[in-house]
Structure formats: structure tokens, C-alpha cells
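Listed in order, the protein sequences are those of chains A and B. Those letters in the first sequence? Residues 22 to 271, per our numbering, in order. Those letters in the second sequence? Residues 827 to 1135, per our numbering, in order.
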Amino acid sequence: MKVLVPVKRVVDYNVKVRVKPDNSGIDLANVKMSVNPFCEIAIEEAVRLREAGVATEVVAVAVGVTACQEQLRTCLALGADRAVLIETEADIQPLGVARAMAALQAQENADIVIFGKQSIDGDNSQTGQMFAALTGMPQATFASEVKVEDGKARVIREIDGGLQTVDVDLPCVITTDLRLNEPRYASLPNIMKAKKKPLDITTPDTLGVDVNPTVETLKVEAPSERQAGIKVGDVEELVDKLRNEAKVIS
Amino acid sequence: MSVLVVAEHDNLELKPATRVALSAAALIGGDIDVLVVGSGLADVSAQAAAVPGVSKVIVADNAVYEHQLPENITPLVVEAGQGYSHILAAHTTNGKNYLPQVAALMGVAMISDIIAVDSADTFKRPIYAGNAIATVKSNDTIKVVSVRGTAYDAAPAAGGSASIEALGSAHSAGNSQFIGQEIAKSERPELTAAGTIISGGRGMQSGDNFVLLEGIADKLGAAIGASRAAVDAGFVPNDMQVGQTGKIVAPDLYVAVGISGAIQHLAGMKDSKVIVAINKDEDAPIFQVADYGLVADLFKALPELEASL
């Protein structure tokens, strides 16, 4: 059984991002880039499926610039068997990625495709669902538990207000939520081994897909700052302010 | 121009997030129709028809749509959405589940989680966990958009009288199956719909201490939330989490107790009208966004607060 895991190169989650002074975007100069945390959870889940004997091969895929090879090497160090980069300089948006992944899936015929539920830069939460629609595969989004047996995946999903359990027939699409697992760290020997694992490069043109975006970013601004208010001396003063000044309690 | 808003509901009632999406639809302009997909929808359809400004409610009432599995409802929304310039839904776990599929099948991009409508094709949305706001323009013929539940005040629940018409198509893909659902039951209001919220953080020290918040919540009719730190520490379940990766809320009054104010938490509550912070660390970042800050030991302040309400 083959598991395909698309991963995204994003600004590391520890970096405090800054808006460029000309409001054209986020300043990415000299900023540390990493595997999107939700995609790392996806890799971890795929590797665990292989370790449990359910899957036999884990393939990490990225769509984007040449430098995405760094993140693919990280995935190989975390346990992926091989990697594919669909290389493009285009501004990466969910529909383009979903189309490129769908074209690759037509060649790879993976049984399970595990996406992160969203990337921490664009915060769209779209790509896995778009891929499922384009390929006609059933999906289980926001997974906090996955069990694969009898040609099905039983997935517990995090939904508003609680949890939902669904069965999806294989081949299927899963998107990861935060509590699915805790990704391991790459060990030094595994980082060294990852350098020798295969990393193939293709392009959207070769796959016959158009990844050009249809949404333009006109402007990126810092969010409006909230002003600090006052400090109150005690609970009595607080209740008085809430009752008589803010008028939010009766 | 014409807008189709896909209703957020649980087959029993129309969720307020739908009326927020309807407020966004009104700013786009043109006729506004509502699509209700589910099973046993008499009440939900009537509630949708009562929202002022809605022209028509299209109801796809069929057992195959009971759990709104995306494999079944996506083809229906695509079918019903033909001819509209905009398709909107709430940015809930349900909206996020099927709406990107609808966009992909229509061959257009989707614009997620908008917080403002600038014009019929231009919207504002948060990126990087709310650390930046992007203004984006869609060049697609059909705009597929999800609306953040706190973006606008909800449209009124009554006063309208839209026509209701049935849509008979039944799509059943057969490759996915609903097994079960556990929804946390509570006498208190839902976090995303509450007018007042009191949240606890790591400073609460244990899950048992959340009982200190309950008495106050009862008196204020408030929902109880938590920071990610409190959830990660295992004090309370994940569904109580307020923050960028949890619930995004904007109540009239938000009381943060023992919460330091990490960016990820602020991103989920900073649009609240009045923010109160109770924390013993006077340098906690939460005080930078609080309208009223009380530097105090919460174990002393909370009982006092409960007694004085």
C-alpha cells in the first residue's frame, strides 16, 4: 500500500512574521523556512502506517520552488522513502497544487493521500478537499485518529463542538488535525541517510496542468493594534467599571 | 449579480454563522438565495426564509444528506450553484469540508475565511495566524467564499418572507459512511455564539480549578473557554480552545483568567468588544489588549468576582 504526502514549504512557526513596508507581502528575506507543521504530522502518520505494516511506501511531494528540496529532504529524514518535487516559480495557490497533485496521483495511484489540514502561511484549508474533489476520492478532514483496515479508513474527525467518526473507502484523502500525533525529530543518522534517498523532479508542464493563480493579492497589512486599557485596583472596581462604564454586565 | 449562501445547520436549527454569511452577502449585492441541504428540514428552511433580504430558499431534503457528507452534498451544491456569481458559506468545520470541493469542481479558486467585503470581487482575510491581513481579488467568474463567523453582526432572524422551493436531486456517492458523532452537551451557550465568555489558561493550574469559572459563567450566562496552553496541559478538552487553531470568538465581554496572551490566543479573541484580563503577572502580554486589567491572584479574585455579581 502506497501513501502519498504532499508537503508545503512555509515560514517556520517560531518566526514572528513582518509585513513589508510597501504592503506587497510578508518579508521572507533571511527567514527560516520549514515543513508546514500540519504536513509534518501527515508525514509522521504515513511513516507510522508503514511501521505498523499497513503501508509499504511513503512518498513525500512538494509543489514549488527549487528550495523546496530542503523540506523534502527533511521528510526523507523523518522516514519518507522517496520524494517528488513538482517544480514551479508560480505563486502557489490551493487549486494549482490540487491539480498538480491530482495529475501526479494519476501516475502514482496511491491508496491514501494525507494532507495537512491547512498551511500556517495562507491558512486556507482547501488543498486536500480540492484534491479529493478532482480525483473523486472520498475524504476525511481534520483527523485526530486514523485506523486502516478492510479496504477502509475509519477516521475520527474534529468538528465544531465535538468529534465525528466516518468510514472512507480506499483510495482516500485524509487531512491532519493537531492532535493526530506528535511528530518525531529527525536523527543525525537518518538525516545522513536521507541524502541518498531518491528525489525526482518534474514540472506542472510535464504533468500537463496549469498552476497559475486566479486570485491576486492586492495588499498585505499588519492587523490593527488594540490599545491597552486601564489597570483596576481590585475586583470591586472591575465590577463597577463593567457595570457602569462598559455596560456589559447588569 | 446573485449570491447563493449555503446554510450552516444541524437539521434542527439554522446556525447564526449562516446569518453572518448573509450579512456579507448583502454587502456583495444582488439577489440572495439560501440553499439548505440536509434531512428533515422544515424548521431550518422556515428559519432561513425568515431572514430579511433572502429572496428564495432552496431546500434539498433527503436522507442521503443527513450528515452532510461532502461526497454527497458537494455535487448538489455544484448543481444548485449554477448561474450564481457568488457562492458563500460559513467558515466552519462543515463549510471547510465541502466548499473547497465545490470550487475545485467549478474550476475556480476559493477565498477562505473572509473578514470583510471590499467589493464584489475583493475581500480581506487573515493570513499567518492573523498576524497579517491580505486584501485579495478574485479573477474567476464565480467567487466561492467562506465567511468568518465574527466578520459581521448576524443578519436579523426574523422579518423576512422568502419563498421556499424544493430541489429533488439525490446524490449518493457510496464511498463514505457516517459512523457516529459525539457533540459535547452543555447548558451554557456555544463558544462561537456566546455574548460573554470567560476563559482559563495555564494559570488555572488544573482542570478541577475550572469550577471557579463555572459559578461566574452561570451568573453571567457565559460560555467557558480555554487557552491552548490549558488544553495542551490536559486541563480541559480541545473543543474549549479559543485561538487561531481553535475557536475564533468576538463576544461583547471576554474575560481572560490566568492567560498570558500568546499571539495564537489573541488571534482568536482580539475582536471581542470588551476584554478583561486577570493575571498575577503584571507584564503578561494579555494586558496590552485588555480594556480592564486586574493584577491579582486568580484564586483570590475569582471567588470575590463571583460574590459581587
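Idealized CB from N, CA, C, for every residue including glycine. Since the structure is predicted, the reported quantities are computational estimates derived from the model, not experimental observations.
Where the beta strand (DSSP E) through proline 27 of chain A begins and ends:
First-last of the beta strand (DSSP E) with proline 27 of chain A: 23-28.
Give me the Cβ distance between proline 204 of chain A and leucine 99 of chain A, rounded to the nearest whole Å; I'm assuming they're in contact under 8 Å.
7 Å
According to the Cβ coordinates, are valine 194 of chain A and phenylalanine 1004 of chain B closer than 8 Å?
Going by C-beta atoms, valine 194 of chain A is not nearer than 8 Å to phenylalanine 1004 of chain B.
Let me know if proline 926 of chain B comes out buried or exposed under the rule of 16 or more other beta-carbons within 10 Å of its beta-carbon.
buried
If you draw a straight line from the alpha carbon of alanine 101 of chain A to that of alanine 131 of chain A, how long is it in whole angstroms?
14 Å
Is alanine 1082 of chain B helix, strand or coil by DSSP?
strand
The beta strand (DSSP E) that contains threonine 186 of chain A, what's its start and end?
183-190
Measure from the alpha carbon of valine 56 of chain A to the alpha carbon of each residue in A:Arg69, A:Pro27, A:Ala127, A:Asp181, then state which is nearest.
A:Pro27
Identify the contact partners of arginine 175 of chain A in chain B, using a Cβ-Cβ distance below 8 Å as the criterion.
The answer, in chain order, is Ile1005.
What's the C-alpha gap between valine 829 of chain B and isoleucine 884 of chain B?
13 Å
Using a Cβ-Cβ distance cut-off of 8 Å, determine whether glutamate 257 of chain A contacts chain B.
yes
Would you say valine 890 of chain B faces chain A, with C-beta separation under 8 Å as the test?
Closer than 8 Å: no.
Rounded to a whole number of angstroms, what is the C-alpha to C-alpha distance between aspartate 261 of chain A and leucine 1135 of chain B?
10 Å
Contact under 8 Å by Cβ, leucine 93 of chain A with alanine 123 of chain A:
no
Counting only beta-carbon separations shorter than 8 Å, does isoleucine 1024 of chain B have a partner in chain A?
no
What does the alpha-carbon distance come out to for the pair proline 901 of chain B and histidine 997 of chain B?
Using only the alpha carbons, I get a separation of about 7 Å.
Excluding the 5 residues flanking alanine 992 of chain B on each side, which residues of the same chain have their C-beta closer than 6 Å to its C-beta?
Cβ neighbours of alanine 992 of chain B beyond the five flanking positions: Val885.
Counting only runs of 3+ residues fully inside the segment 987-1062 of chain B, write out the beta strand (DSSP E) ranges in chain order.
989-992, 1002-1009, 1022-1026, 1049-1052
Specify, as a first and last residue, the run of the alpha helix (DSSP H) that phenylalanine 152 of chain A falls within.
Here the alpha helix (DSSP H) through phenylalanine 152 of chain A covers 148-156.
Are at least three pairs of beta-carbons, each pair with one atom in the segment 153-173 of chain A and one in the segment 959-978 of chain B, less than 8 Å apart?
no
At which residues does the alpha helix (DSSP H) containing proline 95 of chain A begin and terminate?
Correcting the residue type first, residue 95 of chain A is threonine in the shown sequence and not proline. It spans 89-98 - the alpha helix (DSSP H) in which threonine 95 of chain A sits, taken as one unbroken run.
Determine the extent of the alpha helix (DSSP H) in which serine 871 of chain B is found, giving its start and end residues.
868-875
Continuous alpha helix (DSSP H) stretch holding leucine 925 of chain B: start and end:
919-932
Could you give the DSSP three-state label for histidine 893 of chain B: helix, strand or coil?
coil
Quick one: Cα of valine 971 of chain B to Cα of isoleucine 177 of chain A, how far?
27 Å
Among A:Ile180, A:Lys168, A:Asn145, A:Asn51, whose alpha-carbon lies nearest the alpha-carbon of glutamate 834 of chain B?
A:Ile180
With the cut-off set at 8 Å, would you say glutamine 1090 of chain B and glycine 1119 of chain B are in Cβ contact?
no
What's the call for leucine 838 of chain B, buried or exposed, on a 16-neighbour Cβ count within 10 Å?
It counts as exposed.
At 8 Å on the CB atoms, spell out the chain A contacts of isoleucine 937 of chain B, in chain order.
Val236
Alpha carbon to alpha carbon, how far is alanine 1093 of chain B from glycine 1051 of chain B?
Looking at the two C-alpha atoms, the distance is approximately 14 Å.
Residues bridged to valine 68 of chain A by DSSP?
Paired residues: none, contrary to the question.
For a test of the three-state rule: what should DSSP assign to asparagine 130 of chain A, helix, strand or coil?
coil
Under 8 Å, Cβ to Cβ, is there at least one residue of chain B near asparagine 202 of chain A?
no
If we ignore side chains and look at the alpha-carbon of each, how far apart do leucine 848 of chain B and glycine 975 of chain B end up?
Leucine 848 of chain B and glycine 975 of chain B: Cα-Cα distance of roughly 11 Å.
Please look up how many angstroms separate the CB atoms of glycine 1026 of chain B and glycine 1072 of chain B, rounded, as I've assumed it's under 8 Å.
Not quite, the Cβ-Cβ distance comes to about 13 Å (not below 8 Å), so this is no contact.
Cβ shell of valine 80 of chain A (< 8 Å), same chain only, five flanking positions each side left out
Excluding sequence neighbours, valine 80 of chain A sits near Lys23, Val24, Leu25, Val26, Ala101, Asp102, Arg103, Ala104, Val105, Glu129, Ala131.
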